[in-house]
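Asker:
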Amino acid sequence: MTLADVATADRFVDLAGLLESCEVDGFRADFLSWGHYQPEYWRNYWHSHSFHEVCLAYSGTGRFNSGDLRYDVQPGSVFLARPGDVHEIESSRSEPLGIAFWGFTFRPGSDEPGWWSGLTRSGGPVMSDRTGSLPALITALAAEAAAPVSGYSTALGALGATLVMETARAFALDEDLAVEPVRRDRGPLVVEAMQRHLRDNLSRPITVRDVAAAAHLSERHAERLFQQQTGASIMSTLRRLRLELAAQLLLDPAVTVTEVARSCGYSDVRPFSTAFRRHYGRTPGDHRRAGGTEFV
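Heads up: the sequence shown is residues 1 to 296, going by UniProt numbering.
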């Protein structure tokens, strides 16, 4: 989504009464105003609020006056009036200003610096060109408000929380946003995905190629990674999972041994029985007659 899309998001104003509050990172935000001005001359004379008011200019030019400071506004400008800030906004006459704006109260429960510092720092910047995902969020919120369907409150809450966070990030300092380097070891996650693929397809013919493709890896890489993480090969793990499932299914007397074998990926009872006896030390029939107690 781009700034041009914000021009069509006039249903942003319909969020009033639909999205009134949200939780964001353990903090609460209460929304008090939603607005969308089409590009035409207008002036918002000197005033102040008891809440944060944020505007995103999507077209035209204008001026944002905050206290003794004057700022030129152009498409992509994000400007902020904190509670108590005396300010005014004036559109250009020759290039009328179009904006979307939102107002909310915000009470962080931490004095530690973070993304929220952009909202709470007294004397911090009030003008930014860091739009981030704000155009996309405004457009998505407007679309959800225009035609609410089942689940809209959850969707709006999630979008509203992200709007507050992205708003604060636009005015935060780099040190506010810095975090410890995130170390990502994809190995366990990829192997977990391969194991899930095995469990989800126990009744189907499976090869190493199939499992590797599900994880978007070469067969060699998939087998090596799987062995490193689990200490077992892909196919030996497949056999174990199939036989563990079989041991459970055999406890249901309504399911025949043939049906159990097919549910566990065996096309014939004979190889299934051989594999089961090799793994558990007893035949499927013995396991069923004993109620599985010897093997659980």
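C-beta atoms are modelled at their ideal positions from N, C-alpha and C, and glycine is treated no differently. Remember, predicted model here, so these are calculated numbers, not experimental data.
#1: Suppose contacts are defined by Cβ-Cβ distances below 9 angstroms. Is LEU53 in contact with LEU80 by that definition?
#2: On the CB-based measure, 16 or more other CB atoms within 10 Å of its CB, does GLY160 come out buried or exposed?
#3: Note down the Cα distance separating ASP252 from MET235, rounded to an integer number of angstroms.
#4: Report yes if the CB atom of ALA261 is closer than 9 angstroms to the CB atom of SER267, and no otherwise.
#5: Taking ALA158 as the reference, give the member of ILE138, ASP174 and ALA147 with the closest Cα.
#6: Measuring straight from C-alpha to C-alpha, what distance separates ALA4 and THR61?
#7: Grab me the residues of SER91's own chain with a C-beta within less than 6 angstroms of its C-beta, minus the 5 sequence neighbours each way, in chain order.
#8: What are the boundary residues of the beta strand (DSSP E) that includes ALA168?
#9: For THR2, I'd like the list of residues in its chain whose CB is within less than 8 angstroms of its CB, leaving aside the five on either flank, ordered along the chain.
#10: Could you tell me whether the segment 17 to 26 touches the segment 161 to 173, using the rule of 3 or more Cβ pairs below 8 angstroms?
#11: In three-state terms, what does DSSP make of VAL126?
#12: Please classify ARG37: is it buried, with 16 or more other beta-carbons within 10 angstroms of its beta-carbon, or exposed?
#13: So if DSSP puts SER66 in a beta bridge, which residue, or which two residues, is it bridged to?
#14: Using a threshold of 9 angstroms, state whether the C-beta atoms of TRP115 and ALA172 are closer than that.
#15: With H, G and I counted as helix, E and B as strand and the rest as coil, what does DSSP make of VAL54?
#16: I'd like the span of the beta strand (DSSP E) that includes ARG28, first residue to last.
#17: If we call anything under 9 angstroms between Cβ atoms a contact, is SER128 one with SER77?
#18: Tell whether a beta-carbon distance below 9 angstroms holds between ARG82 and VAL126.
#19: For THR120 and PHE31, I'd like the C-alpha separation in whole angstroms.
#20: From the DSSP output, read off the bridge partner residues of ALA81.
#21: Relative to the C-alpha of VAL86, which residue among GLU112, SER50 and PHE106 is closest?
#22: Looking at the unbroken beta strand (DSSP E) that takes in ALA100, where does it start and where does it end?
#23: Kindly list the residues whose CB is nearer than 7 angstroms to the CB of VAL211, restricted to its own chain and excluding five residues on each side of it in sequence; keep chain order.
#24: Following the continuous alpha helix (DSSP H) through VAL208, name the residue where it begins and the one where it ends.
Answerer: This is what the structure gives:
#1: Residue identity check: residue 53 is Glu in the sequence provided, not Leu. Taking 9 angstroms as the Cβ cut-off, GLU53 and LEU80 qualify as a contacting pair.
#2: buried
#3: 27 angstroms
#4: yes
#5: ILE138
#6: 15 angstroms
#7: TYR41, TRP42, GLY62 and LEU97
#8: Not the beta strand (DSSP E): ALA168 falls in the alpha helix (DSSP H), residues 152 to 171.
#9: If we look at THR2 and ignore the five residues flanking it on each side, its Cβ neighbours are PRO135.
#10: Judged by Cβ distances under 8 angstroms, the segment 17 to 26 makes contact with the segment 161 to 173, as three or more pairs qualify.
#11: coil
#12: Contrary to the premise, residue 37 reads as Tyr rather than Arg in this sequence. TYR37 is buried by the Cβ-count criterion.
#13: LEU69 and HIS87
#14: yes
#15: It is a strand residue.
#16: For ARG28, the uninterrupted beta strand (DSSP E) run begins and ends at 27 to 37, by DSSP.
#17: yes
#18: Yes.
#19: Rounded to whole angstroms, the gap between the alpha carbons of THR120 and PHE31 is 16 angstroms.
#20: Looking at the DSSP assignment, ALA81 forms a beta bridge with GLU53.
#21: It is SER50.
#22: 98 to 107
#23: MET194, HIS197, LEU198, ALA222 and ILE234
#24: 208 to 214
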